[in-house]
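Reminder that position 150 of the sequence shown reads as 368 in the working numbering, one-by-one numbering, no gaps.
For glycine and all other residues, C-beta sits at the position ideal for the given N, C-alpha and C.
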Amino acid sequence: MDVTTTVALPGWYRDPWGVAWWRWWDGAVWTGYTESWFVAPRPAPAHVPKPPIRAGWTALLGMVTGLGCSIAAGAILIVAGADTNGAIVLLGSTACLWAGLLGACVIAVRRKGTGSLRDLGLLRFRWVDAALGLGFGTALVFVVGGLAQVIEVLAPEILPHGRGERSDPFTNDSGFAIAVIVLIAVVGAPFFEELFFRGLVQGTFVASRGVAVGVVLQAMLFGVVHMTFDGGWGNVGVFLMILVVGLALGVIRFGFKRLGPGMFTHATYNAIVVAVAFATWR
């Protein structure tokens, strides 16, 4: 409505000059008041993404410390009488390893960030994270399974035949041993490994080498740490399969800008692997 050609009561009307959406008409002339004078300030976003933290030496120190403490804890438990391949040794050594990884993450965000693990992508979990993780994790099982079939045909000597620390506790056939394996594989590993490898390590590599190289490098490191001293040529197969897992988790972390979807993907993948291992063992 053109209020300049009609008799209009004072009020808010569309701005005839298009400077704002609405302008105040006082009944005789247009005023300088527009709706922009009264717009409420926008709330600050819940989390403003920041550049990745670069803390390579801290990550290395955390990994070395964690591995050292893990070996020491296992040795102490064995000397104390625990079964070498038992659940107690597995739980104690793994907990010490995770302590080193978590410690590195905490030190990194305190020295280089805001002091919060949110700097590494550990944001509030969402319901959609579980759904995404279920889908991605299930798909990843089929992808890695397909790779294992290719390895079995082309180079069966490098195909891993299982990991002692996961399969041996099954021989105890006890609820405690099974609970320890599930706790480590489905709860602990997805949280601590994603926080360290996809949060701290990938963030450091991406900040210094770029996205593509950073994702690949963290996946390679992730594959290396899953190799064992007694794995022999099977370590090659372990590296290749874990490399694929690390690449997928790295892409998920970068794509969603948070760790939640990757943690649930990791948990789903490990849960399926453990379930299959337990079913075939029995």
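- Measuring C-alpha to C-alpha distances from S311 to each of I399, P234, V419 identifies I399 as the nearest.
- For T498, the enclosing alpha helix (DSSP H) begins and ends at 478-499.
- By the CB criterion at 9 Å, G432 and Q420 fall inside the cutoff.
- Contact between G284 and L319 holds, since their C-beta atoms are separated by about 5 Å, short of 8 Å.
- Assigned with DSSP and collapsed to three states, G229 falls in strand.
- Beta-bridge analysis with DSSP links R427 to no other residue.
- Residue burial is scored here from C-beta neighbours: H379 has fewer than 16 other C-beta atoms within 10 angstroms and is therefore classed as exposed.
- By the neighbour-count criterion, in which 16 or more other beta carbons inside 10 Å mark a residue as buried, T332 falls on the exposed side.
- Distance between D301 and G364, taken at the CA atoms: about 35 Å.
- If you draw a 10 Å sphere on the C-beta of S426, you find fewer than 16 other C-beta atoms in it, and that means exposed.
- With respect to the 9 Å criterion, A348 and A277 are not classified as neighbours on the basis of their beta carbons.
- DSSP, reduced to helix, strand and coil, places G333 outside both helices and strands of the structure shown, so it counts as coil.
- Taking the Cα positions, R344 is about 17 Å away from L467.
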